[in-house]
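Colleague:
2 protein chains.
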Amino acid sequence: METVKPDGSQLTERQRAILKLIVQEHVASGRAVGSKTLTERYPVGVSSATIRNEMAALEEAGYVQQPHTSGGRVPTDTGYRYYVHHLMGAPELSSGDQIMIRHQFRQVEFQLDSWVDFAAAVLAETAGNVSIVSAPRTMIARLRHFELISLQPRLALLILVTQESVVRQMMLHLPVDMEQAELSRIADSLVTLTRGLDADEVNDLVVGASPVSRYVLEQITIGLRGLNSVERTQIRHSGIENILGQPEFAGDEAQSVLDLLRGGSLLGAVLPQLSVGNDVQVFIGDENPTDALRRFGVVMATYGIDGEVTGILGVLGPTRMAYWRSISSVRYMARLMSDLMEDLYSS
Amino acid sequence: METVKPDGSQLTERQRAILKLIVQEHVASGRAVGSKTLTERYPVGVSSATIRNEMAALEEAGYVQQPHTSGGRVPTDTGYRYYVHHLMGAPELSSGDQIMIRHQFRQVEFQLDSWVDFAAAVLAETAGNVSIVSAPRTMIARLRHFELISLQPRLALLILVTQESVVRQMMLHLPVDMEQAELSRIADSLVTLTRGLDADEVNDLVVGASPVSRYVLEQITIGLRGLNSVERTQIRHSGIENILGQPEFAGDEAQSVLDLLRGGSLLGAVLPQLSVGNDVQVFIGDENPTDALRRFGVVMATYGIDGEVTGILGVLGPTRMAYWRSISSVRYMARLMSDLMEDLYSS
DNA sequence: GTTAGCAGTCCCAAGCGGAGAGTGCTAACG
DNA sequence: CGTTAGCACTCTCCGCTTGGGACTGCTAAC
Numbered sequence: 059m060e061t062v063k064p065d066g067s068q069l070t071e072r073q074r075a076i077l078k079l080i081v082q083e084h085v086a087s088g089r090a091v092g093s094k095t096l097t098e099r100y101p102v103g104v105s106s107a108t109i110r111n112e113m114a115a116l117e118e119a120g121y122v123q124q125p126h127t128s129g130g131r132v133p134t135d136t137g138y139r140y141y142v143h144h145l146m147g148a149p150e151l152s153s154g155d156q157i158m159i160r161h162q163f164r165q166v167e168f169q170l171d172s173w174v175d176f177a178a179a180v181l182a183e184t185a186g187n188v189s190i191v192s193a194p195r196t197m198i199a200r201l202r203h204f205e206l207i208s209l210q211p212r213l214a215l216l217i218l219v220t221q222e223s224v225v226r227q228m229m230l231h232l233p234v235d236m237e238q239a240e241l242s243r244i245a246d247s248l249v250t251l252t253r254g255l256d257a258d259e260v261n262d263l264v265v266g267a268s269p270v271s272r273y274v275l276e277q278i279t280i281g282l283r284g285l286n287s288v289e290r291t292q293i294r295h296s297g298i299e300n301i302l303g304q305p306e307f308a309g310d311e312a313q314s315v316l317d318l319l320r321g322g323s324l325l326g327a328v329l330p331q332l333s334v335g336n337d338v339q340v341f342i343g344d345e346n347p348t349d350a351l352r353r354f355g356v357v358m359a360t361y362g363i364d365g366e367v368t369g370i371l372g373v374l375g376p377t378r379m380a381y382w383r384s385i386s387s388v389r390y391m392a393r394l395m396s397d398l399m400e401d402l403y404s405s
Numbered sequence: 059m060e061t062v063k064p065d066g067s068q069l070t071e072r073q074r075a076i077l078k079l080i081v082q083e084h085v086a087s088g089r090a091v092g093s094k095t096l097t098e099r100y101p102v103g104v105s106s107a108t109i110r111n112e113m114a115a116l117e118e119a120g121y122v123q124q125p126h127t128s129g130g131r132v133p134t135d136t137g138y139r140y141y142v143h144h145l146m147g148a149p150e151l152s153s154g155d156q157i158m159i160r161h162q163f164r165q166v167e168f169q170l171d172s173w174v175d176f177a178a179a180v181l182a183e184t185a186g187n188v189s190i191v192s193a194p195r196t197m198i199a200r201l202r203h204f205e206l207i208s209l210q211p212r213l214a215l216l217i218l219v220t221q222e223s224v225v226r227q228m229m230l231h232l233p234v235d236m237e238q239a240e241l242s243r244i245a246d247s248l249v250t251l252t253r254g255l256d257a258d259e260v261n262d263l264v265v266g267a268s269p270v271s272r273y274v275l276e277q278i279t280i281g282l283r284g285l286n287s288v289e290r291t292q293i294r295h296s297g298i299e300n301i302l303g304q305p306e307f308a309g310d311e312a313q314s315v316l317d318l319l320r321g322g323s324l325l326g327a328v329l330p331q332l333s334v335g336n337d338v339q340v341f342i343g344d345e346n347p348t349d350a351l352r353r354f355g356v357v358m359a360t361y362g363i364d365g366e367v368t369g370i371l372g373v374l375g376p377t378r379m380a381y382w383r384s385i386s387s388v389r390y391m392a393r394l395m396s397d398l399m400e401d402l403y404s405s
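Keeping their order, the protein sequence lines are chains D and V. Going by the working numbering, the first residue of the first sequence is number 59, and it counts up by one from there. Going by the working numbering, the first residue of the second sequence is number 59, and it counts up by one from there.
Okay, here's the thing in structure tokens:
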């Protein structure tokens, strides 16, 4: 990481050091950083005039820019990218943080339902940004068990439990009046038949089934299909308070963040870009697919077990964000969630 | 509603009309309202000087106040309260809105899991404020069914289904290695035994049970107790974007709203004040229990079926909020949710 | 009881100006 | 030739002042 990479060969070692300082200082202070500030605040060893010359070179190369004439320099998207890829060093959460997170997770470990929420909360706090976590999604949901519960003569509750222990509840409007005893009879006859099947396989059973059984099987198919589809996947976010209050999102900009999170359009935009199973991926500024994300940095990773169950998690922040902290947090969280999935799903 | 109430007898009919206009105008514009504005904008029939005299009387009586000398008048908390109780009229959502909401709900009706989220989203939109919805909570959770699924030799998944169709998943750390066959045997033997029992009754079964059965029963007890306790109840909110962006929450104030929602401390504060089963309840400004809520108005209602299952829902907004719209929305939503619960739980 | 007129108060937004920070350029230095 | 000191210039930010607008309370007349 500290050796000069081919694509960084345009920059001298000193320029790289200065770029690093500019990014760090600007992330910390939020203001444009000038040559004098740098010499005063860091043991840089050369005078402000030299820094100025180097800064001019960095600006020429497109790594920094000045928002206003005679103002300080601010990293460009390219500058941030260079920092993340070549200057930042290997992001690894401090072992103290790791222990703390793991400890917190132990306490809710037995409450499966709240894992996603909890992961979002923890990630938001450690990364200091808005976090996004999707529930683990099985590649192909397979039925383990279901139950039918009579609510009204024509209304029943269908509870699906998949092989991967995902539970789903649905309401059924029955075509004819049915009592609990009848429903139980149907359920009993179908439950062994459908064990271990996926949506399509359940759907294949409808031919030749009685009308009511047929209806139940159709609904199960719909339910299982719903668990497969990406759009249905529940997505939680947390930590808006971290990103609000920051100077770049003072007025209207705050609205755009909320819009982004609310619609879930964020996932739709970022998801296609994600290559599965790899390490943490970072999208900075104009690297992002949507215009709405132009002023943001996105750090994402997938978690889960290859080919069986996966989810995504990550953080969203201003382009001026603490990438080191975000990346290390996301990486660790992804590992932790993967471990938990391993416990849950691998035989 | 239009006749003079005893506690309103201090005010003349004209003062009441003026107070009504002040509230409405201030809610709409957000600015302090002066005598001249009123005569210009509304067909009030008297001159601004008369309005001024009446305003002075209203101020004397404590219904309005002027934030700055020589500025316009703003309703006090008492003024808002008088407006809500005596001037506003019966809040009933327009039938168009009612139909729209009911229609939207039809589309997700079969997805029980997302009811709370969806209710929060709809309520936030129709009321134009932040909405808060708690999941329906059963008075005493009774077990309908449970399943044990082996994950690892010493790790099992416990799925609880209550009589009221609430599903809960828990992870169990087994004291000894156990295979699926063993777990199934234990489950089979206990499932009929525990059907219809509440937490305490399940707990009574532990005496004389085998070590593993005993452990499972204890965990079921914990799970059921968890469903009973108020703190565990999941609470969703939606619509922060509505309340942000409004002038009164420009800077730091926005943070306080988020803090309020995040910690869930809101519910803890408001809940004790709520009398169950009654109509919509309104808390304005200093009527609120917590200091943090001093600048807010809260409109809350309970929903559910008496003695069986209840939840709460409501909206939170600045004291300067459109009470009519909020109250009518909350009232309608509570009725709608109650209807749905009726379908689900009443035999 | 109501209204017109008036003097006085206060908020708000725009305009102004100085302090501070930073830049580019030039000339001197090792 | 790279580095540094100095200088003139630019631009933002913050506080101050100032004029316009809005509203009030009071008084006197209707």
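Glycine included, every Cβ here is placed at the ideal spot set by N, Cα and C.
Report the residues of the stretch 388-404 of chain D with a CB closer than 8 Å to any CB of chain V, ordered along the chain.
Modeller: Taking 8 Å as the Cβ-Cβ cut-off against chain V, the residues of the stretch 388-404 of chain D that qualify are Asp401, Leu402, Tyr403.
Colleague: Output needed for Thr252/D: all residues of its chain with C-beta closer than 6 Å, excluding positions within five of it in sequence on either side, in chain order.
Modeller: Excluding positions up to five away in sequence, the list reads Leu201, Val260.
Colleague: Counting only C-beta atoms, is Ile207/D closer than 8 Å to chain V at any point?
Modeller: Interface residue, yes.
Colleague: Does chain D have any CB closer than 8 Å to the CB of Ser223/V?
Modeller: Chain D contact via Cβ: present.
Colleague: According to DSSP, what are the bridge partners of Gly362/D?
Modeller: DSSP output for Gly362/D lists Thr368/D as bridge partner(s).
Colleague: Starting from the Cα of Met146/V, find the closest Cα among Leu398/V, Ser384/V, Gly130/V and give me that residue.
Modeller: Cα-wise, what sits closest to Met146/V is Ser384/V.
Colleague: Please name the residue, chosen from Leu218/D, Glu345/D, Pro347/D, that lies closest to Gly284/D on a Cα-to-Cα basis.
Modeller: For Gly284/D, the nearest C-alpha among the options comes from Leu218/D.
Colleague: Among the candidates Glu117/V, Gly120/V, Ser93/V, Arg99/V, whose CA atom is the shortest distance from the CA of Thr108/V?
Modeller: Ranking Glu117/V, Gly120/V, Ser93/V, Arg99/V by Cα distance to Thr108/V puts Ser93/V first.
Colleague: Mind reading off the beta-carbon distance from Gly120/D to Thr134/D? Whole number of angstroms is fine, and I expect it under 8 Å.
Modeller: With 8 Å as the limit, Gly120/D and Thr134/D qualify as a contact, their Cβ atoms being about 6 Å apart.
Colleague: Would you please state the rounded distance, in angstroms, between the beta carbons of Phe354/V and Pro376/V? I believe it to be under 8 Å.
Modeller: Indeed, because the Cβ distance is near 6 Å, the residues count as touching under 8 Å.
Colleague: Would you call the CB atoms of Met395/D and Gly369/D closer than 8 Å?
Modeller: For Met395/D and Gly369/D, yes; Cβs fall inside 8 Å.
Colleague: Closer than 8 Å, CB to CB, is Gln165/D near chain V or not?
Modeller: Closer than 8 Å: no.
Colleague: Between Thr196/V and Glu222/V, is the Cβ-Cβ spacing less than 8 Å?
Modeller: Their beta carbons are under 8 Å apart, which means Thr196/V touches Glu222/V by this criterion.
Colleague: Gly284/V by DSSP, collapsed to three states: which one?
Modeller: Looking at Gly284/V - three-state DSSP - the assignment turns out to be helix.
Colleague: Can you find a CB in chain D that lies within less than 8 Å of the CB of Ala119/V?
Modeller: For Ala119/V, the answer is no, since every Cβ of chain D falls outside 8 Å of its Cβ.
Colleague: Under 8 Å Cβ-Cβ, which residues of chain D neighbour Met228/V?
Modeller: Those within 8 Å of Met228/V in chain D are Phe168, Gln169, Leu170.
Colleague: Taking CB distances under 8 Å as the criterion, tell me whether Gln313/D reaches chain V.
Modeller: Chain V contact via Cβ: present.
Colleague: Hey, would you say Arg72/V sits closer than 8 Å to Glu112/V, going by beta carbons?
Modeller: Yes. Within cutoff.
Colleague: Could you compute how far the alpha carbon of Leu402/V sits from the alpha carbon of Thr95/V?
Modeller: Cα to Cα, the separation comes out at about 53 Å.
Colleague: How about Ala359/D and Leu374/D: are their beta carbons less than 8 Å apart?
Modeller: Going by C-beta atoms, Ala359/D is not nearer than 8 Å to Leu374/D.
Colleague: So, for Gln292/D: in the same chain, excluding its five sequence neighbours on each side, which residues have a beta-carbon less than 6 Å away from its beta-carbon?
Modeller: Only Ala193 meet the Cβ criterion.
Colleague: Going by C-alpha to C-alpha distance, which of Ile198/D, Gln165/D, His231/D sits closest to Pro211/D?
Modeller: The residue with the shortest Cα to Cα distance from Pro211/D is His231/D.
Colleague: Hey, how far is the Cα of Val388/D from the Cα of Asn300/V?
Modeller: Computed Cα separation, rounded: 30 Å.
Colleague: Mind reading off the beta-carbon distance from Leu213/V to Met229/V? Whole number of angstroms is fine, and I expect it under 8 Å.
Modeller: Yes, they are in contact, since the Cβ atoms of Leu213/V and Met229/V sit about 7 Å apart, within 8 Å.
Colleague: In angstroms, rounded to a whole number, what distance separates the CA positions of Val265/V and His203/D?
Modeller: Taking the straight line from one Cα to the other gives about 30 Å.
Colleague: Would you say Glu366/V reaches chain D, if we count a Cβ-Cβ gap shorter than 8 Å as a contact?
Modeller: Not an interface residue.
Colleague: Considering only residues of the same chain and omitting the five flanking positions on each side of Leu275/D, which have a CB-CB separation below 8 Å?
Modeller: Excluding sequence neighbours, Leu275/D sits near Leu248, Thr252, Val260, Asn261, Leu263, Val264, Ala267.
Colleague: Could you tell me the distance, in whole angstroms, from the CA atom of Ser208/D to the CA atom of Ile363/V?
Modeller: Cα-Cα distance, rounded: 18 Å.
Colleague: Could you tell me the alpha carbon to alpha carbon distance between Gly297/V and Leu170/D, rounded to whole angstroms?
Modeller: So the two alpha carbons sit approximately 27 Å from each other.
Colleague: For the ligand NAD, is there any heavy atom lying closer than 7 Å to the beta carbon of Ala115/V?
Modeller: The ligand NAD is not part of this structure, which contains no ligands at all.
Colleague: Drop a sphere of 10 angstroms on the beta-carbon of Ala178/D, count the other beta-carbons inside from all chains shown, and report buried for 16 or more, exposed for fewer.
Modeller: By the 10 Å Cβ count, Ala178/D comes out buried.
Colleague: How many angstroms separate the CA atom of Glu345/V from the CA atom of Arg320/V?
Modeller: Looking at the two C-alpha atoms, the distance is approximately 22 Å.
Colleague: Thinking C-alpha only, which one of Arg99/V, Asp256/V, Glu205/V, Gln124/V is nearest Asp246/V?
Modeller: Ranking the options by Cα distance to Asp246/V, first place goes to Glu205/V.
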